[in-house]
Amino acid sequence: MRAARTYPARRDDVRLLVVDVPTASLRESRTTQLPALLSAGDLLVVNDAATVPGSLQGRDDAGRSVEARLIAADLERGPAHFWAVLFGAGDWRQRTEDRPPPPAVAPGDRLRFGALEAEVVAPSSLSRRLVALRFLGSPDEPDAVWAALYREGRPVQYSYLAHELPLWAVQTVYAGRPWAFEMPSAGRPLSWEILLGLRDKGVRWASLTHAAGLSSSGDAALDAALPLPERFEIPAATVTAIADTRRAGGRVIAVGTTVVRALEGRAAAASDGVLRAGAGVTDLRIGHDHRLRVADGILSGVHTHAESHFALLTAFAPPDLLHAAERTALAHDFTTHELGDAMLILARRGSSRVTVVSGPPNG
Amino acid sequence: MTTINETEGLSAALVTGASRGLGRALGLALARRGRPVVLVAREAGPLEGVVAEIRAWGGRAHGIAADVADKDAVTSLVGRAAALVGSIDLLVNNASTLGPVPLRLLLDTDCEDLERALQVNLVGPFRLAKALGGPMVLRGRGTIVNISSDAAVEPYARWGAYGASKAALDHLGRIWAAELAGTGVRVLTVDPGEMNTRMHAEAVPEADAGALADPARVAERIVALLEAGTAAGRVAIRIEDEETERRAP
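Protein sequences appear in the order of chains Y and X. Read in our numbering, the first sequence has 149 at position 149, and its numbers run on one by one without any break. Count along the second sequence from 1, add 363, and you get the number used in our numbering.
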C-alpha cells in the first residue's frame, strides 16, 4: 500500500474500511459516514492531546549536526526535562532508518537548538540515541521552556510527505494540552461535522489525554522497545460515560491505539481489574493474547502486518480477518500512514467486560 | 509539564489585548477571583508588568507575546497556554485595532488597513475560538466572549474599517451561538461602552476623559455577567452614562 503524501482536501472525508468482526465482513465506506456506521448508545473515546513541536534541529559543542525529537516529558526530573531521540546529519526528507547516528554525547554535553540550549543529563540503557535532556536558562520557569520550544521546534515530519507539515496540520479538532510528541492521527479525520452528527444520532463522545511518543526511532533495538511507558489521564466523566455505555449495552470505540493503551493499561494495572479515573503511566503492550477489558472497537489508520500497530489490532479481530482487510485495502488502493485512509474495527458487541467505578480520580 | 488538578479551583481563562485597557482590567478581575489567566498581547514589556502584578498578590498568570492576526502564532499560543494552565474554559477576544489614527473616511482608507482590521478584529478571534472552542465542546463547557462596540451597529463616519470588522465579529458570534447550541459552550458579545483607554484617546482625542468609564468597572460588570452564567447573545454596558448622570448638577 502507498502512504498518503499530502493532506486530504477535507480532513474528514477519507476512505474508511469497516471490519465487522461478528459477521467477519469487510466493507468500504467513508469517514463522513461514521454517524451512520455507529449506533445510538455507542461511545467514542478520543485522545485530546495536542501535538508538541518536538523536533529540534541544532548542533553539539563540536558544531556537529544533531536533531532531537522529544519522545516523552521526564516528569520525575522536573519541568524542563524531556527524553529525546537524537539523530545525526540530515533532515526529515530522509527516512528515519537511513539517518546517520548522532554524534556520541555524554552527560554534561550541551546541545544548541537555535536560541534553545539543552544539557545531556543521562543516556538510556535502551539505545545510545535515547537521552534525557534538560533545557537550560530557565530551570523552573515553564513559561520560558514552552516559549522556546514553540519558537524553535517543529512537529515531527515524515519522509514520505510531499511538503513539511505546519503545527496546525498535526492537531486534532479537539486538541487541548500538548502532551503528544506525534499526532494522535486516528483522530485526524474527525471533524465537528462528524462529531456533532454522532451526537445527534445518540452516539456519545468522551476524552482522555495520552502522551503519545514517537512511533519510530531509526534504531532497531530502540524501535523494538517502543512504545516507551506513556503517561495518561482519564477524567471521571469519561469513566462514567463508559459505565453508562456498558450498562445500556453500547460499544466503547477507541479512537486510536493511544486510547486503547490508556484504557486497557489503566484497567490492567488495577489489582481488581477495575477502570478508575485518574492519571497514570502505562507500559502495556497489546497483542492478540490481550483480553480487551474496556474497548469494543477501534477507529485507526490503515496498518499493514509489517507495522507494530498491527499487533494491537489483533486484540480486536482475528489475524485472518485482518489479513483479508489488508488485502482488500491493497486491492482498493487505500492509503496508509498519518495522513492516510481509516479503518473501523467493530469487535463483538459486549465482548469485553470490566467493572467500572465512577468516582473521584485516585491518581 | 505543568499539571494542575482541574477539580480544584476555577478553570483557566485566556484574554487577548491584555497589556492595557479593558483586557488588562479583565485579566486582573479574573485572576482576583482565583482563575489562572493566560494574558496575550503583542508587546512583551507591558504584558510582563500585568503578569508580575497578578503574581505579586499570589494570583496565577502567564503572559504570551503574540499577534492574534498571525495564523501560526495562534496555534503556537494556544498550545503554550494549554501546557501552562491545562483546560481553558473562558476565551475573551478583546484585542483589536482601530487602524491608523486619526480615523479616515472610507474613500481615504488604504485597502491594507481594512485588511489588517479584519485580521486582528475578526479573523484572529475566529482562529482562537476555533482552536479553544473544540476542546470546550469536547468537555461540554466553556464561554467565548467577543468584545464589540456600538460602532458595530451605528454607521459612524470615519469608523469604517473598525466598525465593519466589529459588525462582522457580532454576526460571527451569532452564528457561533447557533452552531454551538446544546454543546454547553456559550458565546457572549459585549459592547463595553466608551471607556477611558488609550484606544479611545487615539480615536476621539477631544473626548472628556472624566466622562468615560473606568475599564476596571466595566471589567467587573463583565465578570459579574459571566458569574451569573445566564447571559448570552449581545450585551451593551453603559457605565459612561452612569458617570455622566453622577456628574450632572
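Using N, Cα and C, we set each Cβ at its ideal position, and we do this for glycine too. Since this is a predicted model, take the numbers as computed values, not measurements.
The three-state secondary structure of residue 119/Y, taken from DSSP, is strand. Secondary structure at residue 171/Y: coil, using DSSP grouped into helix, strand and coil.
Under the DSSP assignment, residue 282/Y falls outside any alpha helix (DSSP H), being part of the beta strand (DSSP E) whose first and last residues are 278-282.
In summary, residue 420/X is exposed, with fewer than 16 beta-carbon neighbours lying within 10 Å of its beta-carbon over all protein chains present. Looking from the CA of residue 577/X, the closest CA among 586/X, 602/X, 597/X and 593/X belongs to 602/X. Residue contact with chain Y for residue 443/X: present (Cβ-Cβ distance below 8 angstroms to some residue of chain Y).
The DSSP assignment places 34-37 as complete runs of the alpha helix (DSSP H) inside the region 22-69 of chain Y, in order along the chain (cut-off: 4 residues).
Near chain Y, meaning a CB-to-CB distance below 7 angstroms, the residues of the region 443-474 of chain X are 443, 445, 446, 447, 449 and 450. Contact annotation for residue 498/X against chain Y: 48, 174, 175 and 176 [CB-CB distance below 8 angstroms, chain order]. Neighbours of residue 147/Y in chain X, taken as residues whose beta carbon is under 8 angstroms from its own, are 427 and 443 in chain order. For residue 553/X, the closest alpha carbon among the candidates 607/X, 509/X and 430/X is that of 509/X. In this structure residue 464/X touches residue 565/X by the C-beta definition: roughly 4 angstroms separates them, less than 8 angstroms. Annotated three-state conformation of residue 559/X is coil, per DSSP. Per the Cβ contact rule, the region 227-235 of chain Y is in contact with the region 277-288 of chain Y (3 or more Cβ pairs under 8 angstroms). Put simply, the backbone Cα of residue 396/X is about 12 angstroms away from that of residue 589/X. At least one CB atom of chain X sits nearer than 8 angstroms to the CB of residue 207/Y. Per DSSP, the continuous beta strand (DSSP E) segment holding residue 230/Y begins and ends at 230-234. With at least 16 other beta carbons inside 10 angstroms of its own, residue 217/Y counts as buried. Judged by beta-carbon spacing, residue 600/X lies within the 8 angstroms limit of residue 556/X, meaning their Cβ atoms are closer than that value. Flagged as an interface residue toward chain X: residue 166/Y, by a C-beta distance shorter than 8 angstroms. Within the same chain, and ignoring the five residues on either side of residue 295/Y in sequence, the residues whose Cβ sits closer than 7 angstroms to its Cβ are 252, 254, 260, 263, 264 and 352.
DSSP places residue 2/Y in the strand class (E or B) of the three-state scheme.
For residue 114/Y and residue 86/Y, the gap between their C-alpha atoms comes out near 16 angstroms. Below the 7 angstroms Cβ cutoff, chain Y contributes 150 and 167 as neighbours of residue 439/X, in chain order. Around the beta carbon of residue 459/X, 16 or more other beta carbons lie within 10 angstroms, which makes this residue buried. For residue 596/X, the pairing in a beta bridge is given by DSSP as 551/X. A check of alpha carbon separations from residue 106/Y across 97/Y, 61/Y, 164/Y and 137/Y identifies 61/Y as the nearest. Where residue 300/Y is concerned, the enclosing beta strand (DSSP E) starts and stops at 297-301. Under the Cβ distance rule, residue 12/Y does not count among the residues neighbouring chain X, no pair being separated by less than 8 angstroms. With a threshold of 8 angstroms between beta carbons, residue 435/X makes contact with chain Y. With a beta-carbon spacing of about 19 angstroms, residue 180/Y and residue 132/Y fall beyond the 8 angstroms limit used to define contacts.
Residue 148/Y sits buried, since 16 or more C-beta atoms from the chains shown fall within 10 Å of its C-beta. Annotation for residue 528/X: the continuous alpha helix (DSSP H) segment containing it runs 523-543. By the criterion of a C-beta distance shorter than 8 angstroms, residue 436/X is surrounded in its chain by 429 and 430, once the five residues flanking it on both sides are discounted. Between residue 501/X and chain Y, the shortest Cβ-Cβ separation is below 8 angstroms. Flagged as an interface residue toward chain X: residue 142/Y, by a C-beta distance shorter than 8 angstroms.
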